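Protein chains in written order, with this note's numbering: chain A, -4 to 124; chain B, -4 to 124.
The C-beta atom is built at its ideal place from N, Cα and C for all residues, glycine as well.
Computed from a predicted structure; not experimentally measured.
Number of protein chains: 2
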Amino acid sequence: MESAFEIIAEPNRRAILSLLVLSQQSVGEIERQLRMPQPTVSKHLRVLREAGFVESTVDAQRRLYRLKPEPLQEVDDWLAQFRRFWSAHVDALERHLDRMDPSMDRAMDRATLAKRKTRRKTTRLKPRT
Amino acid sequence: MESAFEIIAEPNRRAILSLLVLSQQSVGEIERQLRMPQPTVSKHLRVLREAGFVESTVDAQRRLYRLKPEPLQEVDDWLAQFRRFWSAHVDALERHLDRMDPSMDRAMDRATLAKRKTRRKTTRLKPRT
DNA sequence: AGAGCATATACGTGTCAAGGGATATACGAG
DNA sequence: CTCGTATATCCCTTGACACGTATATGCTCT
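Set out below in structure tokens:
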């Protein structure tokens, strides 16, 4: 359970993070809003805390949890390498053609052609009597 | 294993995706570059294919796999809600202060103050005699 | 001190996915 | 048809992890 990606793989944890982005919350508030048993909330918060996604401050018996951005940025950084790709991707381009810079259009064309050339269409030459 | 988040939680799959973003690859090429056994590669590719991360075309005995952007965009969309947060986050602001728009600076100030007000500092009034 | 609430932890259980290894399928070449 | 290569699938074992329930810790108020 080390990487940020494994942490956000869990739907309940994503829900907690989405909740916390609005404002800090106590365990009980999370428990009520997400309708999940308290130990479950605490356990997920523990995982999130140890992974650096959240931090808590003590307020009497309550713990107030709030978001920390770093691990999410790490995910965002990994995703960055694909943004170049999908903004040049054919389907995406078709959908967004109107909103795009025509110079990209030509760049994409070359990429597409390159791929097409790579593809070897083997002609099935199997006599089979 | 439905959500895109679970798919990219696996390090080997992330490696495969990072490889495919450069150009399409056959199973054997992936196998060699990532030094993982062929059945492992095939199994991960299957998962990726069924989740819509990649698609394959047949080239004789080879299968050429290439990236499809949609599921990654889904992840990116979920991450979007946090970008607003971390661009307003204090630490991030301190680090990037020089590169930022001063109008954001004031917006962040209000957010921070709001949070500070929410925090209840309970004064321990415990006579204890 | 004792009651009550808020939160954390411990334990037992079921599920599910990853990996290794062997094997099956598909295709091309001779 | 037979062999070699490329890829997919099958079986089995192992290990994580999520959850439920029960219980422990800590704090407040009276």
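Listed in chain order, the non-local C-beta contacts of Ile3/B below 6 angstroms within the same chain comprise Arg9, local neighbours out to five positions each way being set aside. A check of alpha carbon separations from Pro66/B across Arg44/A, Leu74/A and Thr52/A identifies Leu74/A as the nearest. In this structure, Val36/A places its C-beta atom within 8 angstroms of the C-beta atom of Val22/A. A straight line joining the alpha-carbon of Gln20/A with that of Ser(-2)/B spans about 26 angstroms. Going by beta carbons, Leu17/A and Val49/A fall outside the 8 angstroms limit.
A Cβ-Cβ separation of about 6 angstroms places Tyr60/B in contact with Leu40/B under the 8 angstroms criterion. The three-state secondary structure of Ser37/A, taken from DSSP, is helix.
Under the DSSP assignment, Glu69/A falls in the alpha helix (DSSP H) whose first and last residues are Glu65 to Ala83. Membership of Arg27/B in the alpha helix (DSSP H) is indicated by the continuous run Val22 to Leu29.
The beta-carbon separation of Gln68/B and Trp81/A, rounded to 6 angstroms, stays under the 8 angstroms limit for a contact. Closest in alpha carbon position to Ile11/B, among Asp71/B, Val70/B and Met31/B, is Met31/B.
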